[in-house]
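Undergrad: For the sequence shown, this note's numbering assigns the number 1236 to the initial residue and increments by one for each residue that follows.
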Amino acid sequence: MSPRKAKPKRKVKRDITHDDERELSTSNESIEEHDDGIFVVRKISGSTSNKPYRCPGCDQVIPMATPHTVAWLEHDQSGRRHWHNICWSKRNLRKPKVERTRSAPRY
Ligand SMILES: [Zn+2]
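(1) Measure the CB-CB distance between residue 1276 and residue 1268 and report whether it falls below 8 Å.
(2) Quick one: Cα of residue 1288 to Cα of residue 1313, how far?
(3) Which residues in the same chain have their Cβ closer than 6 Å to the Cβ of residue 1290, if we skip the five residues on either side of it in sequence?
(4) Is residue 1317 near ligand 1, in the sense that its beta carbon is under 7 Å from a heavy atom of that ligand?
(5) Please report the straight-line C-alpha distance between residue 1282 and residue 1316, rounded to a whole angstrom.
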């Protein structure tokens, strides 16, 4: 429908050597490890979101142009989900990956 949805190709880079880290931060993408896998997490500033999404965390719609979080399993980009920022972080709280006080082995 709208041809503008294709990936913008405006990355013209001259010195690649230096640019690795910078590119990571400009794309706002990070890797998070969760119980159910490795997630790629992308922060959407809002200006780039041009349609409403339903957040799987609270089952509410994320209005257009709202900053939010997109996350997907590393190997499954087609399974991308759009989350409210707060819902994504709540999800992380629900499933702590490092603290295991509750399930700590007691001998
Ligand atoms: Zn939500």
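Backbone N, C-alpha and C fix where the C-beta goes; we use that ideal spot for every residue, glycine too.
Model, not experiment: these values are computed from the prediction.
TA: Let me lay it out:
(1) no
(2) 15 Å
(3) 1297, 1318, 1319, 1322
(4) no
(5) Taking the straight line joining both Cα atoms gives about 18 Å.
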